[in-house]
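Below: the structure, in structure tokens.
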Amino acid sequence: MPSHRINRIDRCGGISAAWTLAAVALLMTLTACKPRPAARVAVPAGVAPAGATAYRVDGNASSLRFYLHADGPMARVGHSHVISAHELEGDVWLQPQPEQSTCELRLPVAAFIVDDPKERAGAGNEYAEPLDASAREGTRTHMLGERQLDATRFPSIALRCVRLTPTSAGMSLQMAVTLRDRETLLTVPLQWDNHDGTLRASGEFRFNQS
């Protein structure tokens, strides 16, 4: 079975550091490089579906962004946040019939970077206001603490592709997100292109932290 290596994944979504409810936007771009010999990219036996082309995430080149917008009674006293990470891990198995494809991804929560000045400036609008280092570190500490992500007990978030459905605009992906041992299903609209051994997908959606 041929193997590929994903060398970039950009996503935007959200995990609130301080609020009960947050409206969040997600943007995802996925890129894979040309095929490499299968022996150099090991796929666990029994995991890859028959007939699928395997892609491996390159965490060093991956990029993920969460755009967090406060909602509810705390919105007037809080800040909007941009959370980014660069260590997404996992595999994607693309079938000849794309709707039968699947994926298993992991996101280490300790890799989250809160309110990087360049990320905030690039996001613009409500995110453009700079935050000082102590405010950024305080938000990150709270986010990874017991009452939020509880990074000590739950060091990663699991993402699993459940179902792909063709649509007039591309694909609709049903994704299972496991956070603190609780699984939630989210629907992500996708557009993708697979050309010359490179797979690119993009999408955007909003969801509440709850």
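So for the sequence shown, the working numbering puts the first residue at -3; every next one is plus one. Cβ coordinates follow ideal geometry from the N, Cα and C atoms, glycine included. Values in this document were obtained by computation on a predicted structure and should not be read as measured data.
When C-alpha distances from P92 are compared across F201, F203 and N190, the shortest belongs to N190. Annotated three-state conformation of T180 is strand, per DSSP.
At a cut-off of 4 residues, the continuous stretches assigned as alpha helix (DSSP H) that sit fully inside the stretch 122 to 149 are 129 to 140.
The beta carbon of T180 lies closer than 6 angstroms to those of V173 in the same chain, with the five residues before and after it left out. Here A129 is exposed. Its C-beta has fewer than 16 other C-beta atoms within 10 Å.
Here T49 is buried, its C-beta having at least 16 other C-beta atoms within 10 Å.
Rounded to whole angstroms, the gap between the alpha carbons of A81 and D87 is 18 angstroms. For the pair of segments examined, the stretch 158 to 166 was found not to touch the stretch 134 to 150: the number of CB pairs separated by less than 8 angstroms stays below three. A197 sits close to Q187, with the two beta carbons spaced by under 8 angstroms.
Secondary structure at E115: helix, using DSSP grouped into helix, strand and coil. Secondary structure at P104: strand, using DSSP grouped into helix, strand and coil. Setting aside the 5 residues that flank it on each side, P94 is surrounded in the same chain by L160 and M167, each with a C-beta closer than 7 angstroms to its C-beta; the list follows chain order. Beta-bridge annotation (DSSP): D189 is paired with R196. At the C-beta level, L84 and L103 come within 8 angstroms of one another. A residue is called buried when at least 16 other Cβ atoms come within 10 angstroms of its Cβ; T135 meets this threshold and is buried.
In the three-state reduction of the DSSP assignment, P151 falls in the coil class, being assigned neither a helical nor a strand state.
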